[in-house]
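S.K.: Residue numbers (our numbering): 395 to 512. Even glycine gets a Cβ: it sits at the ideal position worked out from N, Cα and C. First the structure, which I've put down as C-alpha coordinates, then a few questions once you've had a look.
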(Lines of atoms letter the chains of each structure in order from A; the text may use other names.)
(Lines give C-alpha, C1' and ligand atoms only; values in the text may rest on other atoms or scores of the structure.)
Protein backbone atom coordinates (compact mmCIF):
# COMPACT_ATOMS: atom_id res chain seq x y z
CA UNK A 395 0.00 0.00 0.00
CA UNK A 396 1.41 3.40 -0.94
CA UNK A 397 -0.67 5.47 1.50
CA UNK A 398 0.78 7.04 4.63
CA UNK A 399 -0.26 5.42 7.91
CA UNK A 400 -0.75 7.24 11.20
CA UNK A 401 1.42 5.40 13.78
CA UNK A 402 -1.19 6.07 16.48
CA UNK A 403 -4.09 4.72 14.45
CA UNK A 404 -4.60 1.08 15.44
CA UNK A 405 -7.11 0.55 12.62
CA UNK A 406 -4.35 0.83 10.01
CA UNK A 407 -2.90 -2.52 11.20
CA UNK A 408 -6.16 -4.32 10.46
CA UNK A 409 -6.57 -2.47 7.15
CA UNK A 410 -3.05 -3.39 6.07
CA UNK A 411 -3.39 -6.99 7.25
CA UNK A 412 -6.64 -7.30 5.29
CA UNK A 413 -4.86 -6.00 2.20
CA UNK A 414 -1.91 -8.33 2.77
CA UNK A 415 -4.21 -11.29 3.22
CA UNK A 416 -6.33 -10.47 0.19
CA UNK A 417 -3.21 -10.13 -1.96
CA UNK A 418 -2.11 -13.63 -0.91
CA UNK A 419 -5.55 -15.25 -1.21
CA UNK A 420 -4.46 -17.11 -4.33
CA UNK A 421 -1.83 -19.11 -2.44
CA UNK A 422 -2.71 -22.38 -0.76
CA UNK A 423 -1.34 -21.20 2.62
CA UNK A 424 -3.48 -18.04 2.88
CA UNK A 425 -6.03 -17.92 5.69
CA UNK A 426 -8.97 -15.63 6.24
CA UNK A 427 -8.30 -12.80 8.69
CA UNK A 428 -10.98 -14.03 11.07
CA UNK A 429 -9.31 -17.44 11.47
CA UNK A 430 -5.75 -16.14 11.56
CA UNK A 431 -4.30 -15.53 15.07
CA UNK A 432 -3.18 -11.96 15.81
CA UNK A 433 0.54 -12.87 16.01
CA UNK A 434 0.36 -14.42 12.52
CA UNK A 435 -1.31 -11.28 11.15
CA UNK A 436 1.51 -9.21 12.68
CA UNK A 437 4.14 -11.55 11.23
CA UNK A 438 2.58 -11.25 7.78
CA UNK A 439 3.02 -7.46 7.77
CA UNK A 440 6.13 -5.81 6.39
CA UNK A 441 8.45 -4.88 9.28
CA UNK A 442 8.33 -1.14 8.56
CA UNK A 443 4.52 -1.08 8.63
CA UNK A 444 4.34 -3.13 11.82
CA UNK A 445 6.84 -0.88 13.62
CA UNK A 446 5.04 2.28 12.49
CA UNK A 447 1.85 1.04 14.10
CA UNK A 448 3.29 -0.38 17.30
CA UNK A 449 5.62 2.31 18.64
CA UNK A 450 9.18 1.77 19.65
CA UNK A 451 9.79 0.51 23.19
CA UNK A 452 13.47 1.45 22.95
CA UNK A 453 12.46 5.02 22.09
CA UNK A 454 10.07 5.08 25.04
CA UNK A 455 12.74 3.89 27.47
CA UNK A 456 15.34 6.27 26.04
CA UNK A 457 12.95 9.23 26.34
CA UNK A 458 11.98 8.39 29.91
CA UNK A 459 15.61 7.79 30.92
CA UNK A 460 16.69 11.09 29.35
CA UNK A 461 13.97 13.07 31.12
CA UNK A 462 14.78 11.33 34.41
CA UNK A 463 18.49 12.01 33.99
CA UNK A 464 18.01 15.70 33.23
CA UNK A 465 15.60 16.00 36.17
CA UNK A 466 18.12 14.40 38.53
CA UNK A 467 20.90 16.61 37.18
CA UNK A 468 18.83 19.74 37.88
CA UNK A 469 18.22 18.43 41.43
CA UNK A 470 21.96 17.86 41.89
CA UNK A 471 22.72 21.39 40.74
CA UNK A 472 20.05 22.78 43.08
CA UNK A 473 21.64 20.96 46.01
CA UNK A 474 25.02 22.58 45.23
CA UNK A 475 23.71 26.17 45.44
CA UNK A 476 25.42 27.93 48.38
CA UNK A 477 23.31 28.51 51.46
CA UNK A 478 25.65 30.91 53.27
CA UNK A 479 26.99 34.29 52.30
CA UNK A 480 25.92 37.87 52.11
CA UNK A 481 22.30 38.85 51.74
CA UNK A 482 22.78 39.39 47.99
CA UNK A 483 24.34 35.91 47.61
CA UNK A 484 21.45 34.32 49.50
CA UNK A 485 18.90 36.17 47.34
CA UNK A 486 20.58 35.05 44.09
CA UNK A 487 21.04 31.50 45.43
CA UNK A 488 17.34 31.30 46.30
CA UNK A 489 16.38 32.38 42.75
CA UNK A 490 18.77 29.84 41.23
CA UNK A 491 17.52 27.07 43.49
CA UNK A 492 13.88 27.78 42.59
CA UNK A 493 14.75 27.81 38.90
CA UNK A 494 16.67 24.52 39.13
CA UNK A 495 13.99 22.77 41.17
CA UNK A 496 11.34 24.04 38.75
CA UNK A 497 13.38 22.70 35.85
CA UNK A 498 13.74 19.39 37.66
CA UNK A 499 9.97 19.19 38.17
CA UNK A 500 9.36 20.10 34.54
CA UNK A 501 11.67 17.37 33.25
CA UNK A 502 10.19 14.84 35.68
CA UNK A 503 6.71 15.71 34.40
CA UNK A 504 7.96 15.33 30.81
CA UNK A 505 9.26 11.85 31.67
CA UNK A 506 5.94 10.83 33.22
CA UNK A 507 4.07 12.21 30.21
CA UNK A 508 6.40 10.33 27.86
CA UNK A 509 5.71 7.12 29.77
CA UNK A 510 1.98 7.84 29.57
CA UNK A 511 2.19 8.27 25.79
CA UNK A 512 4.11 5.02 25.41
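Take the Cβ of residue 473 as the centre, count every other Cβ of all protein chains shown within 10 Å, and call the residue buried at 16 or more, exposed below.
M.R.: As a working note, residue 473 is residue 79 in the chain shown. Exposed is the call here.
S.K.: Is the segment 448-463 touching the segment 494-509 in the sense that three or more CB pairs, one from each, lie closer than 8 Å?
M.R.: Yes, they touch.
S.K.: For residue 480, which of helix, strand or coil comes out of DSSP?
M.R.: On the chain shown, residue 480 is found 86 positions in, with the first residue counted as 1. Coil, per DSSP.
S.K.: Where does the unbroken alpha helix (DSSP H) through residue 452 begin, and where does it stop?
M.R.: For this step, residue 452 is matched to residue 58 along the chain shown. Here the alpha helix (DSSP H) through residue 452 covers 451-473.
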